[in-house]
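Shown next, in structure tokens, is the structure this report addresses.
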Amino acid sequence: MAVGLKSGKREILNTLDDYAVITLGVVFYAFAWADMLIPNGIASGGLTGACTIINFATGIPVHLTYIVVNGLLLLAGFLILGKGFGFKTIYAIGLSTVGLDIFSGMEFLHVFFDNKLLLVIVAAIIESIGLTCILARGGSTGGTDIVALIVNKFWPVSLGKVFLALDIFIIASVLLVPGKTIEDMVYGYVAMVIFSVFVDWVLLGRNSTWQVMVFSNKYKEIADTVIHDLNRGVTALDAQGWYSGESKKVLLIMVRKPELHTITRTVKEIDPSAFVTVSSASTVYGEGFDEMKTGFNLKLKKKSDNGIAREERVKDN
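Numbering (my numbering), first residue to last: 58 to 374.
Set out below in structure tokens:
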């Protein structure tokens, strides 16, 4: 009973910690857009960039377009992907909407920059830090994340290529707004390039898989917690200490990057002296991870009557 109460209290504290970090990240993200980029007529990539361009063209507030489009994308995601995106994503989207509205009426940091290029660089860094905090704790601001996941479900296109194509199109569309110039477009691309560095580290890393091996005498308690509280599978491997000759159990856990922090934190709380190794797994296929998708490939198929090979286009799922 005491163990259950302790586990429940730990889970509540961990959840509050996650939402605190996500909230801080949203503040940085919304501030960079509403107080720095948008007032200076700059639109970078992503859904917020698209909403900013709509604002330049029509005057519709960014936060209104942002919440409406995100709502439609979430609905499409539910219908097409067949699963929810988690309350953390919904929370981040809702809070970002409020943040974009609140910070749009302030003039705080951007007024101190005379150099527009320097302002773009600083704003992109602040935005990237904010989104890093959100993604590191399992959240998302929706938008092009959802579009990329939908595209990736049906075609073997990496998320990075989808983000790049969308960002290039969104930023270039600023030229459709009267009064906007190539200079405005270039500033948007500068922000995109800076942000892309963080995308490589964090956003694309969300779908990377990590192999965690846990060496601990409390392996049973750790395995039960991971399975029942964290909803991840665990494999117990037989091992033997070569020096001591003692039989041991080594836990093998495969996790996504956003879950890595939670797994290692849980192990440390149960057994501070546990020995843990973490290594990157390039690809993991199977339930709960990636589905084998190769798209359309050309394969050779031999005719039985004359032995002549012909090319046949087949679709692999």
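Each residue gets a CB set at the ideal place from its N, CA and C atoms; glycine is no exception.
Per-residue DSSP class, three states only, for residue i
i    : result
K306 : strand
T80  : helix
L70  : helix
A229 : helix
F144 : helix
F169 : helix
W299 : coil
D75  : helix
A100 : coil
N288 : coil
R322 : helix
W212 : coil
V234 : coil
M163 : coil
T198 : coil
Sequence-distant residues of the same chain with beta carbon closer than 6 Å to residue i, five excluded per side
i    : result
A89  : A180, I183 and E184
S101 : G245, A248 and M249
I227 : G102, G106 and A107
A114 : V234
Whole-angstrom distance between residue j and residue i, CA atom to CA atom
i    : j    : result
K325 : A331 : 7 Å
Y76  : V234 : 37 Å
V307 : A280 : 10 Å
G290 : N112 : 46 Å
M311 : N209 : 21 Å
L136 : Q268 : 31 Å
I251 : L73  : 30 Å
V219 : A296 : 43 Å
L223 : A293 : 43 Å
G116 : V177 : 22 Å
E316 : G195 : 7 Å
Residues bridged to residue i [DSSP beta-bridge criterion]
i    : result
L294 : V307
V271 : L308 and V333
Buried versus exposed call for residue i [16 or more other C-beta atoms within 10 Å across all chains shown]
i    : result
L188 : buried
V231 : buried
T238 : exposed
H285 : exposed
N172 : exposed
Contacting residues, own chain, Cβ-Cβ under 8 Å from residue i (five flanking each side not counted)
i    : result
R322 : N71
V254 : S185
I159 : A87 and A91
Contacting residues, own chain, Cβ-Cβ under 7 Å from residue i (five flanking each side not counted)
i    : result
E68  : D286
G298 : K305
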